[in-house]
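Peer 1:
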Amino acid sequence: MTAKIVIGLDGTEAGERAIAFAKDLAGRIDGSELLVVYVIEWSPFTFQTPEENAQRHKRREEEIETAMTRVVTPAVESLKAAGFSAQGVVRHGDVAETLNAITVENNGSQIVVGRSSADGFTKRIFGSATQNLVMHADVPVTVVK
Amino acid sequence: MKQTCKFGLAGAATALLASSAAAQEAPGLDETINQAFADLTGPFVSFIFAPFPGTGFPWIVMWLVIAASVFTLYFAFVQMRFFSHAISLVKGDYSDPNDAGEVSHFQALATALSGTVGLGNIAGVAVAVGIGGPGATFWMILAGLLGMASKFTECTLGVKYRNEYDDGTVSGGPMYYMSKGFNELGLPGGKILAVLFSIFCILGALGGGNMFQANQAHQQIAGIVGDYPGWITGLVFAAVVFLVIVGGLKSIARVTEKVVPFMGVMYVVTALVIIGMNADKIGWAFGQIFAGAFTGLGVAGGMVGALIQGFKRAAFSNEAGVGSAAIAHSAVRTKEPITEGFVSLLEPFIDTVVICTMTALVIIITQQMIIDPETGNYMLNEAGTAIATVDGNSGVSLTSAAFGSAFSWFPYILAIAVILFAFSTMISWSYYGLKAWTYLFGEGHTKELVFKIIFCIFVVIGAAANLGPVIDFSDAAIFAMAVVNVFALYFLMKVVREELASYASRLKSGEIRKFAG
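From first to last, the protein sequence lines are chains L and V. So that you can map any letter, position 104 of the first sequence is 104 in the working numbering, and since no number is skipped, the others follow by simple counting. So that you can map any letter, position 208 of the second sequence is 208 in the working numbering, and since no number is skipped, the others follow by simple counting.
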């Protein structure tokens, strides 16, 4: 049996714990693959100036490039170095929705994310991305503390 | 960036001191600016608004109405056939998740709307109804509905023929579809049209996109704190605009862009509440609108007067056929340029059919305009140029009085809304003007800076001048853009029809479909 484990990173040390857990998990399943995902929080329903719109494409490329080089590529490299089969994806969107959508597209069997320690007023009202993911994901989600 | 900001503030302060010294020497600075401006722009204004020989009907109004009607028929009422599809596009139903992070249809629409929703909807409508009577509303709505087809045509072309640069930024608009589109079709003269359009676009940016805004913003502030010279407001506004467009102080622009939509929604909701409070008069108000549309109800100029005012103010408010929206929409990266055309046809609908109608209904329903009890017709003011109003108000103060008669606090909210709308419109138009400027003179920091400084100077002139010459020049400049733009659209509309046919067939066959989400 092969399993594709999706690791959601947010660029904090919580991601490191998620990677460590996923490694452990993948080590127990033969032929499992790892997919490292970083979602750049973005909404199509915001308001922008004409100038921002004109530069948007350039900014988007820069954002993806930064996320790739700083977060995703190092994680993929370290997984590969440890002998795992791993790939990386960066995409814009709502964190929970997009992480789930990528998992479904790639036939992922489960999602592993780290629980970020941030705890603020807005999160109490709107819930965190992690909570939303757990509530709405189509596959089992493991939240690593 | 900090240094630039400091320079901006210091420069503005120096200018303020210099101007106040000048004002002490010549007490009538506002009048001097006003007279000089009226003299300078007079011939241009007369030409644009020249009537057909032997009639009182300006040829330019006919030009726009015919264009909107031609596009409506040529595209077989695209504004109705694709209205719901346009809404689906804005909702993101057809957006590929892999393109997430690019400018969305919603963002392009919101940006273009924040450039058009503004004083045209508040002050312009009051001018139209004040001169043309309630009947002007009917013609305004009709112009809005037809204008959707013009907007669809120009925005599709704007995206199709835009320039994409190596650094990933884009520039688009009528000047690009004129030169590239004409070239592609093997037609001569595209470049000449593009240059003409750019010149008028710069004038339009300085006029309707700047001076008119500054002027009305000043009137709002003066209406609350008492009368004071307009150039003072002008300098403050110029300083803030300078900080944003030259100093790169994006935070101000960002706050405005976020507050403006809420102001717009609040405006419409308040209008609906006032209309609801006067529910018994809704039937009467629509009766006035229809009767006035065909009889004029004794208004100056009669039915033709109502029609001219309605069409004029609709065009000024939603800018359909003017070409400005094509500049705003061209930032969207889409594989299908026509989708941007569909989205843009919602603009005249929201701007004119919804928001302008709200303003007109509130003015009519709160009975700001005096009706002669004997004839049942509207009474003219002493000069005979407009309908007499309760407190002699016109323009934005008429709208303010109408809303204020229901909610005494609303004029304050409206004043803030007008100032913010004015500001966001200025920011949008500074971009449109800049794109025209760089088309003519090339891109480059110094060249762009020159335009931006000229733009700021015109803020001061606009705030100091009287409404009459400012509104005339603003209209004339914006309509001059439409003369060139519509001319080009006639030649390029077949390109849009091919796109439309191809898209419609793929939509029908299911090749273009919603993304599951």
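We put the beta carbon where it would ideally sit given N, CA and C, even for glycine.
Apart from the five residues on each side of it in sequence, which residues of its chain come closer than 7 Å, Cβ to Cβ, to S330/V?
Peer 2: So the qualifying residues of the chain are G158, V159, R162, V170, G172, G173.
Peer 1: Measure the Cβ-Cβ separation of A214/V and V418/V and say whether it is below 8 Å.
Peer 2: No, they are not a contact pair.
Peer 1: Which stretch, first to last residue, makes up the beta strand (DSSP E) that contains P142/L?
Peer 2: First, the residue type needs correcting, since residue 142/L is Thr and not Pro in the sequence shown. Element bounds for T142/L: 141-144.
Peer 1: Against Y431/V, what residues of chain A qualify as contacts under a CB-to-CB distance less than 9 Å, listed in chain order?
Peer 2: Absence of chain A from the displayed structure is noted, the protein chains being L and V.
Peer 1: Please look up how many angstroms separate the CB atoms of K23/L and N106/L, rounded, as I've assumed it's under 8 Å.
Peer 2: Going by Cβ atoms, the distance from K23/L to N106/L rounds to 19 Å, so no, they are not a contact pair.
Peer 1: Compare the beta carbon distance of F152/V and Q79/V with 8 Å and say whether it is the shorter of the two.
Peer 2: Yes, Cβ-Cβ distance for F152/V and Q79/V is below 8 Å.
Peer 1: Could you round the C-beta distance between A477/V and G207/V to whole angstroms and report it? I think they count as a contact, below 8 Å.
Peer 2: Right, the Cβ-Cβ distance comes to about 4 Å (below 8 Å), so this counts as a contact.
Peer 1: Pair every Cβ in the stretch 351-365 of chain V with every Cβ in the stretch 118-131 of chain V, then say whether three or more of these pairs are closer than 8 Å.
Peer 2: Yes: at least three Cβ pairs fall under 8 Å.
Peer 1: When we look at the beta-carbon of N53/L and count the other beta-carbons within 10 Å, is it buried (16 or more) or exposed?
Peer 2: Buried: at least 16 other Cβ atoms inside 10 Å.
Peer 1: Can you pull the DSSP bridge partners for R91/L?
Peer 2: Looking at the DSSP assignment, R91/L forms a beta bridge with V39/L.
Peer 1: Give every residue of the same chain whose Cβ lies closer than 7 Å to the Cβ of A22/V, excluding the five residues on either side of it in the sequence, and list them in chain order.
Peer 2: Caution applies to A22/V, whose pLDDT of 44 falls short of 50 and renders its modelled position unreliable; the model cannot decide the point.
Peer 1: Going along chain V in order, which residues have a C-beta closer than 7 Å to the C-beta of I40/L?
Peer 2: The answer, in chain order, is G101.
Peer 1: Between the alpha carbons of V144/L and G11/L, how many angstroms are there, rounded?
Peer 2: Whole-angstrom Cα-Cα distance: 15 Å.
Peer 1: Bridge partners of V170/V, per DSSP?
Peer 2: Answer is E164/V.
Peer 1: Per DSSP, what kind of secondary structure is L500/V in: helix, strand or coil?
Peer 2: Helix at L500/V.
Peer 1: Compare the C-beta of E257/V with all C-beta atoms of chain L and state if any pair is closer than 8 Å.
Peer 2: Judged by the 8 Å Cβ criterion, E257/V is in contact with chain L.
Peer 1: Say whether the stretch 464-474 of chain V touches the stretch 76-83 of chain L, bearing in mind that this needs 3 or more beta-carbon pairs closer than 8 Å, one atom from each stretch.
Peer 2: In short, these stretches do not touch, since the Cβ pair count stays below three.
Peer 1: Counting only C-beta atoms, is E25/V closer than 8 Å to chain L at any point?
Peer 2: Reliability of the predicted coordinates at E25/V is poor, the pLDDT of 45 falling under 50, and the value obtained from them is presented with this limitation in mind. For E25/V, the answer is no, since every Cβ of chain L falls outside 8 Å of its Cβ.
Peer 1: Curious, which full-length alpha helix (DSSP H) runs of at least 4 residues does the stretch 337-420 of chain V contain?
Peer 2: If we require 4 residues or more, the alpha helix (DSSP H) runs fully inside the stretch 337-420 of chain V come out as 337-344, 357-365, 396-404.
Peer 1: Does DSSP put A86/V in a helix, in a strand, or in coil?
Peer 2: In this structure, A86/V counts as helix in the three-state DSSP scheme.
Peer 1: What number of angstroms, rounded off, separates the C-alpha of M596/V from the C-alpha of R81/V?
Peer 2: With chain V running from 1 to 517 in the structure shown, residue 596/V is simply not present.
Peer 1: So A114/L is in the beta strand (DSSP E); what residue range does that whole segment cover?
Peer 2: The amino acid at residue 114/L is misidentified as Ala; the sequence shows Gly. 110-114 is the extent of the beta strand (DSSP E) around G114/L.
Peer 1: Below 8 Å between beta carbons: does that hold for V134/L and Q110/L?
Peer 2: Cβ atoms of V134/L and Q110/L: not closer than 8 Å.
Peer 1: Do you know how far the Cα of E102/V is from the Cα of V127/V?
Peer 2: Between V127/V and E102/V, the C-alpha separation is close to 39 Å.
Peer 1: Consult DSSP for G133/V and reduce its assignment to one of helix, strand or coil.
Peer 2: Three-state result, G133/V: coil.
Peer 1: For A14/L and chain V, any beta-carbon pair shorter than 8 Å?
Peer 2: For A14/L, the answer is no, since every Cβ of chain V falls outside 8 Å of its Cβ.
Peer 1: Figure out for me which residue from F138/V, I60/V, I224/V, A76/V has the closest Cα to the Cα of P411/V.
Peer 2: Comparing Cα positions, the closest option is I224/V.
Peer 1: Within 8 Å (strictly less), CB to CB, does G93/L reach chain V?
Peer 2: True, the Cβ-Cβ gap to chain V drops below 8 Å.
Peer 1: Counting only Cβ pairs nearer than 7 Å, list the residues of chain V close to R60/L.
Peer 2: Ordered by position in chain V, the residues that pass the 7 Å Cβ test against R60/L are G101, E102.
Peer 1: Taking only beta carbons into account, state which residues of the stretch 165-185 of chain V come closer than 8 Å to chain L, listed in chain order.
Peer 2: Listed by position along the chain: D167, G168, T169, V170, S171.
Peer 1: Inspect the CB distances between the stretch 248-262 of chain V and the stretch 492-502 of chain V and report whether three or more fall short of 8 Å.
Peer 2: No, the stretch 248-262 of chain V is not in contact with the stretch 492-502 of chain V.
Peer 1: Thinking just about the alpha-carbon of each residue, which of G510/V, I454/V, A488/V is nearest to the one in I202/V?
Peer 2: Cα-wise, what sits closest to I202/V is I454/V.
Peer 1: Following the continuous beta strand (DSSP E) through G146/L, name the residue where it begins and the one where it ends.
Peer 2: A query on residue 146/L cannot be resolved here, the shown segment of chain L reaching from 1 to 145 and no further.
Peer 1: Closest to F441/V by C-alpha separation, out of F290/V, M175/V, F77/V, would be which residue?
Peer 2: Cα-wise, what sits closest to F441/V is M175/V.
Peer 1: Classify A50/V: buried if its beta carbon has 16 or more other beta carbons within 10 angstroms, exposed otherwise.
Peer 2: A50/V should be labelled exposed.
Peer 1: Does P261/V come within less than 8 Å of chain L when only Cβ atoms are used?
Peer 2: Judged by the 8 Å Cβ criterion, P261/V is in contact with chain L.
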